[in-house]
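Residue numbers (my numbering): 10 to 140.
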């Protein structure tokens, strides 16, 4: 499969994984609402969904995008680096958009930043994880 088709599959997978992550986070948060003694419900739901989704993402990329055995520890490391970069860029994008579009800036800054970083994410995962 050529690299452009792989990249398109990578983007589609990322969109689906993003949606699954968000839905899982909401579900976990709703479950935690029934446990009043637990604090930091949102933070816990974000971290738990991330842990679950990282394994789902690894297996879907391995099977449907790269069609290659990858190294899970490298995938976790690469994904962590990418998420940190996206987080930093997202803050910059949010701050730039908030003055002009305060109603939508919180909702589009992270997905927009993830899209900007996706070529780097694809490269690092293709070269160092699933090579």
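For glycine and all other residues, C-beta sits at the position ideal for the given N, C-alpha and C.
Which residues in the same chain have their Cβ closer than 6 Å to the Cβ of residue i, if we skip the five residues on either side of it in sequence?
i: residue 119; result: 99
i: residue 123; result: 95
Can you find the residues in the same chain that come closer than 7 Å, C-beta to C-beta, to residue i, ignoring five residues on each side of it along the sequence?
i: residue 80; result: 138
i: residue 33; result: 58, 61, 62
My guess is that residue i and residue j are in contact by the Cβ rule of under 8 Å, so how many angstroms apart are they, rounded?
i: residue 38; j: residue 50; result: 6 Å
i: residue 135; j: residue 73; result: The Cβ separation is near 14 Å, so there is no contact.
i: residue 131; j: residue 16; result: 5 Å
What's the gap between the Cα of residue i and the Cα of residue j?
i: residue 67; j: residue 48; result: 30 Å
i: residue 97; j: residue 11; result: 31 Å
i: residue 75; j: residue 40; result: 35 Å
i: residue 29; j: residue 104; result: 27 Å
Locate the alpha helix (DSSP H) running through residue i, then write down its first and last residues.
i: residue 83; result: 81-107
i: residue 149; result: Residue 149 lies beyond the stretch modelled for the chain, which goes from 10 to 140, so this question has no answer here.
i: residue 35; result: 12-42
i: residue 126; result: 114-133
Quick check: is the beta carbon of residue i nearer than 9 Å to any beta carbon in chain C?
i: residue 30; result: Given the protein chain composition of this structure (a single chain), no chain C is represented.
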